[in-house]
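Chains as they are written, first to last, in the working numbering: chain Y, 6 to 262; chain S, 148 to 474.
Structure below.
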């Protein structure tokens with residue numbers, strides 16, 4: 006099997022089943038968005054895929070190898086992960102912050118020329134090179150989102166998993182960040198994100214996975230996956246697709262009767 | 148960045164130069180001043196003071212200060228909390244308890260006291276991690292530290308009071324408020340190797356501490372093993388602080404003051420603070436010890452008291468500024 010895949014993974018948190026047997030396979034070069042109501046298990050699924058939460062049963066595989074058998078450093082070089090509420094404990098400058106993305110490459114002799122080049126490429130790709138000396142804790146929301154993505158890109162991962170990367174950003178910066186994720190995928194990286202905003206998900210992703218109560222309800226191209234019956238079932242919401250000049254738009258009618 | 152590395156090197160060289168000056172001062176200064184032209188005069192009775200007292204005291208101050216400064220920088224990096232310090236978090240008190248228990252139990256094998264002090268310090272770290280949790284928040288660690296300090300300090304008092312020892316009261320004070328006075332080369336030999344080994348282990352935690360800037364899950368995503376980092380910190384702090392406390396008693400706040408001051412110069416990156424913190428810790432403790440020797444009083448002030456007088460107000464100021472930031 007190629008790519009990143011999970012096979013009937015189950016996770017329980019205490020008595021509550023969070024993931025109830027999820028099977029998925031992701032392809033590189035594609036943006037896949039996981040959506041679903043609160044508590045659907047999206048974040049847990051993403052941490053499992055990142056190898057940070059061993060499932061109670063089932064397994065995650067990376068290019069045919071079991072993810073749990075991979076050494077931590079090797080896994081970290083292949084999979085970049087952005088948590089939902091990223092903690093930044095110290096007031097680091099952006100360059101130092103982005104350099105943390107090279108941790109899994111860092112040897113005893115400190116930074117290599119490859120490290121420096123990868124950091125520069127990440128800063129350029131996210132247009133953060135002008136901010137390299139700024140304190141990362143004082144950046145605006147949009148700049149901060151770019152710095153976080155730059156940190157992940159500095160590790161040159163083949164897979165980028167981001168938990169709600171657009172949350173808290175205004176519309177313009179959401180579009181910027183989404184375009185950045187699309188560009189990352191176009192360069193060959195597999196991108197898996199969890200998203201709240203369905204209209205945005207439909208716009209950003211090549212593929213949408215709808216989850217509810219720890220299971221997959223739909224999986225496919227955006228308005229195929231976000232079909233009215235799926236939304237009624239997963240969210241309890243009536244909605245329909247309308248053709249607009251920018252493409253199909255999701256029209257939310259109201260609570261499902 | 149090379150410029151950053153160059154400025155780090157400059158700072159370390161400056162701290163090292165200061166260390167040489169302070170070491171020189173520490174050898175000649177005290178109740179008995181030794182003029183420079185009499186240094187090395189084996190016939191002078193004061194030469195005995197230098198070789199038997201001042202040189203061991205200086206070496207011990209160097210090693211213990213470096214151990215405390217480095218441990219403080221590592222604990223601050225791990226807890227992501229500028230208020231962490233082996234003294235504040237009760238690790239040093241646990242080491243003192245370990246040492247004192249051997250006195251209470253009348254275990255007299257020469258290596259047993261430092262061994263128990265190191266075990267106490269390592270146990271202190273393990274308890275902190277267990278009580279505050281691996282993702283322990285700043286406040287959780289401090290509260291766990293307060294409890295640990297209180298328990299261990301009471302344990303020290305209890306053990307020394309119950310031991311058949313006429314000098315219990317003064318012994319209690321010198322364990323809780325450590326001192327460098329009247330130490331010999333034997334103590335240097337005893338503690339030195341463990342401080343060096345523990346320090347080397349602590350220096351190796353640098354990349355993991357940097358990654359922990361992103362929190363526990365962020366660090367794990369970068370390939371850092373939390374378990375391995377915790378074991379290294381327990382070992383490194385256990386060996387270096389445990390050995391330090393075994394020969395001097397508890398000296399607090401060195402590990403709090405030093406990284407705090409250096410952060411303004413080298414920035415907040417935890418790994419870049421480690422070597423400067425070890426050097427500046429040695430500087431600070433030597434300077435404090437020289438001052439303590441020069442103060443006139445019936446009894447020489449314990450250097451542990453002096454550090455607390457310096458450190459406690461800084462702790463308070465840091466706490467107030469943190470509350471303002473969190474509010």
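Ideal Cβ positions, reconstructed from N, Cα and C, are used throughout, including at glycine.
Measuring only between beta-carbons, confirm whether residue i sits less than 8 Å from chain S.
i             : result
residue 60/Y  : no
residue 50/Y  : no
residue 80/Y  : yes
residue 108/Y : yes
residue 101/Y : yes
Would you grab the beta carbon distance between residue i and residue j for me? Rounded to a whole angstrom, and I think it's under 8 Å.
i             : j             : result
residue 15/Y  : residue 63/Y  : 6 Å
residue 159/S : residue 423/S : 6 Å
residue 268/S : residue 231/S : With a Cβ gap of about 14 Å, residue 268/S and residue 231/S do not count as contacting.
residue 108/Y : residue 464/S : Actually they do not touch by this definition, with Cβ atoms about 33 Å apart.
residue 198/Y : residue 186/Y : 7 Å
residue 425/S : residue 213/S : 4 Å
residue 242/Y : residue 261/Y : 6 Å
residue 326/S : residue 428/S : The pair is not a contact, with the Cβ atoms about 17 Å apart (cut-off 8 Å).
residue 138/Y : residue 100/Y : 7 Å
Between the C-alpha atoms of residue i and residue j, what's the straight-line distance to the nearest angstrom?
i             : j             : result
residue 26/Y  : residue 45/Y  : 13 Å
residue 94/Y  : residue 227/S : 6 Å
residue 24/Y  : residue 67/Y  : 20 Å
residue 397/S : residue 298/S : 14 Å
residue 236/Y : residue 205/Y : 15 Å
residue 287/S : residue 252/Y : 51 Å
residue 203/Y : residue 40/Y  : 7 Å
residue 34/Y  : residue 454/S : 59 Å
residue 394/S : residue 338/S : 7 Å
residue 162/Y : residue 104/Y : 14 Å
residue 125/Y : residue 48/Y  : 30 Å
residue 240/S : residue 58/Y  : 36 Å
residue 317/S : residue 176/S : 25 Å
residue 165/Y : residue 368/S : 11 Å
residue 289/S : residue 272/S : 12 Å
residue 172/S : residue 441/S : 11 Å
residue 151/S : residue 383/S : 27 Å
Name the chain Y residues whose beta carbon is nearer than 8 Å to that of residue i?
i             : result
residue 237/S : By Cβ distance, chain Y contributes nothing, its closest Cβ being about 22 Å from residue 237/S, past 8 Å.
residue 372/S : 77
When burial is assigned at 16 or more other CB atoms within 10 Å of the CB, is residue i buried or exposed?
i             : result
residue 340/S : exposed
residue 258/S : exposed
residue 180/S : exposed
residue 148/Y : buried
residue 223/S : buried
residue 363/S : buried
residue 119/Y : exposed
residue 204/S : buried
residue 214/Y : buried
residue 153/Y : buried
residue 407/S : buried
residue 146/Y : exposed
residue 167/S : exposed
residue 348/S : buried
residue 460/S : exposed
residue 309/S : exposed
Less than 7 Å between the CB of residue i and some heavy atom of the ligand GDP, yes or no?
i             : result
residue 107/Y : The model depicted lacks the ligand GDP and carries no ligand whatsoever.
So which residues on chain Y does residue i lean against when the C-beta distance must stay under 7 Å?
i             : result
residue 364/S : 57 and 88
residue 367/S : 57
residue 360/S : 93, 94, 95, 97 and 105
Indicate whether at least one CB of chain Y lies closer than 8 Å to the CB of residue i.
i             : result
residue 155/S : no
residue 203/S : no
residue 303/S : no
residue 357/S : yes
residue 349/S : no
Going along chain S in order, which residues have a C-beta closer than 8 Å to the C-beta of residue i?
i             : result
residue 248/Y : Ordered by position in chain S, no residue passes the 8 Å Cβ test against residue 248/Y, which lies about 41 Å from the chain.
residue 172/Y : The contacting residues do not exist; residue 172/Y stays about 17 Å from chain S at best.
residue 111/Y : 354
Run down chain S in chain order and give the residues with a C-beta less than 7 Å from the C-beta of residue i.
i            : result
residue 96/Y : 415
Counting only Cβ pairs nearer than 9 Å, list the residues of chain Y close to residue i.
i             : result
residue 227/S : 92, 94 and 95
Between residue i and chain A, is the shortest Cβ-Cβ distance under 8 Å, so that the two count as touching?
i             : result
residue 396/S : Here chain A cannot be found, since the structure's protein chains are Y and S.
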